[in-house]
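Residue numbers (the numbering used here): 2 to 481. Below: one structure, written as structure tokens.
This is the structure:
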């Protein structure tokens, strides 16, 4: 049994299910409401599949106005609401409670406006990450944040968790590429924040909303920054016989002032599994870096030469430059498929603590020691350029006690990230996974300040319950 607790469902809400279903049907149309338990089971978890709760009702609005009507009805009836994008959260960010309404953005899929001269696109937030780049490709532009799940993950979840991706080293994460949002408050009020311009005046509410994990409102439309596609890009594979030396290479590249577009790290376990899955032709080494540069040919070659010089000073056992666009695509196919490929060999828990780049050699060594202590394998694949770790703790969900052991091991790794000057989450969010570790990173005053913000946006504490804040604290806030 998991050590992560969930609140007991409110019997008063459960008893009013027919009234709630009727109110939602009136708000968005009966065809957009799912109340049959056989059908709501499809929404019982997100990509953190170890934890499951079946929601009371699911609602699938098609417009901002329908989202507003649905939230207003839930607010009036005192029903908790769990916003859900594509359900790819790895932190349990969309895990329902048994007395909640899951509000899905899956049908908010319109591209509303493309403005290439002013470099922005406006979309409904149910569109997938990759489809944004697809929509502007013919104009010669792309959307920079690129999570590994970009084929499936929705902009709604990207905004909620402030997602990044392999190329965030150069282009930043979602918050660096988000210009404005249209958001619905819990009481149904529709607000506009930011817009088709950079650095809006007054308070930075946009910075507050991005990464708020559905605690403040439901974002239905987003204005996103788009960038001209680079002239070209070229990855290089660098292999070492020591994870610590690979970590040192990353630190040396950053220290030298070179800014590749991406630096990705994979250890032996991940290299083997992803190579078998993708046929990328990865080298047989203990640790591998994928370092990509981009730009005009002369600029890219100059950066690549400097990176190779730094790498060779540490004695690599393999060094392979991409020779063609097809080879480059295959290299990235292996990395992008890492999470899916690892899922073929075992259940796993994927963490995303972030550490200072200079601490990578030490942290990689300690993760190996922690894995030996708990007796579980751990594969490492992560965005090394900004220190965003992704340890994959392998366990057997059918073996009694294995999940609890994985949770304990994960907690120790995340505490290690905080101890060396990092943080609990780089892009997956807190959700339920890290909720009970928040006191390891934040003191009572820090947490109180964060919860005071939620008080202002969601005074009844109905939005995304049991997430982010320690359960006993958030429960008392809701009951106040």
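We put the CB at the ideal spot given by N, CA and C, even for glycine.
{"query": "Quick one: any contact between the segment 250–269 and the segment 371–387, if contact means 3 or more CB pairs under 8 Å?", "result": "yes"}
{"query": "Quick one: measure Cβ to Cβ for residue 237 and residue 370, integer angstroms, because I've assumed they're closer than 8 Å.", "result": "Between residue 370 and residue 237 the Cβ distance is about 30 Å, and since that is not below 8 Å, they are no contact."}
{"query": "Which residue wins for smallest C-alpha separation from residue 174, given the options 350, 123, 160, 420?", "result": "160"}
{"query": "Can you tell me whether residue 460 is buried or exposed? The criterion is at least 16 other CB atoms within 10 Å of its CB, across all chains shown.", "result": "exposed"}
{"query": "Between residue 398 and the rest of its own chain, which residues show a CB-CB distance below 7 Å, the 5 nearest in sequence each way excluded?", "result": "51, 348, 404"}
{"query": "What residue from 400, 309, 122 has the CA that sits closest to residue 198's CA?", "result": "122"}
{"query": "Using DSSP with H/G/I as helix, E/B as strand and the rest coil, what is residue 466?", "result": "coil"}
{"query": "Rounded to a whole number of angstroms, what is the C-alpha to C-alpha distance between residue 27 and residue 104?", "result": "15 Å"}
{"query": "Grab me the residues of residue 292's own chain with a C-beta within less than 6 Å of its C-beta, minus the 5 sequence neighbours each way, in chain order.", "result": "237, 261, 264, 308"}
{"query": "Less than 8 Å between the beta carbons of residue 192 and residue 156, yes or no?", "result": "no"}
{"query": "For residue 15, is the classification buried or exposed, using 16 other Cβ atoms within 10 angstroms of its Cβ as the cut-off for buried?", "result": "exposed"}
{"query": "Checking 8 Å against the spacing of the C-beta atoms, do residue 239 and residue 270 come in under that value?", "result": "no"}
{"query": "Based on Cα-Cα distance, which residue from 219, 314, 279 lies nearest to residue 247?", "result": "314"}
{"query": "Mind checking whether residue 82 and residue 227 have CB atoms under 8 Å apart?", "result": "no"}
{"query": "Compare the Cα-Cα distances from residue 427 to each of 356, 443, 213, 305 and report the closest residue.", "result": "356"}
{"query": "Residue 127: which of 187, 63, 76 sits nearest, CA to CA?", "result": "63"}
{"query": "State whether the segment 4–13 contacts the segment 465–479, with contact taken as three or more CB pairs (one from each stretch) at a distance under 8 Å.", "result": "yes"}
{"query": "Where residue 117 and residue 143 are concerned, what is the direct C-alpha to C-alpha distance, given to the nearest angstrom?", "result": "10 Å"}
{"query": "Please report how far the alpha carbon of residue 285 lies from the alpha carbon of residue 363, in whole angstroms.", "result": "23 Å"}
{"query": "Does residue 450 pass the burial test, meaning 16 or more other C-beta atoms within 10 Å, or should it be called exposed?", "result": "exposed"}
{"query": "Assuming residue 219 and residue 68 form a contact by the criterion Cβ under 8 Å, report the distance between their Cβ atoms to the nearest whole angstrom.", "result": "6 Å"}
{"query": "Using the three-state DSSP reduction, which class does residue 169 fall into: helix, strand or coil?", "result": "helix"}
{"query": "Please decide whether residue 275 counts as near chain B, where near means a Cβ-Cβ distance under 8 Å.", "result": "Of the protein chains in this structure there is only one, and it is not chain B."}
{"query": "Taking contact to mean at least 3 C-beta pairs separated by less than 8 Å, is the segment 96–116 in contact with the segment 72–82?", "result": "yes"}
{"query": "Could you tell me which of 17, 72, 96 sits nearest to residue 43, measuring between CA atoms?", "result": "96"}
{"query": "Distance, Cα to Cα, residue 210 vs residue 306?", "result": "41 Å"}
{"query": "Counting only runs that start and end within the segment 343–379, where is the alpha helix (DSSP H) found for 4 or more residues in a row?", "result": "361–375"}
{"query": "Candidates 206, 340, 171, 88: which alpha carbon is nearest residue 181's?", "result": "206"}
{"query": "With DSSP run on the structure shown, which of helix, strand or coil describes residue 273?", "result": "helix"}
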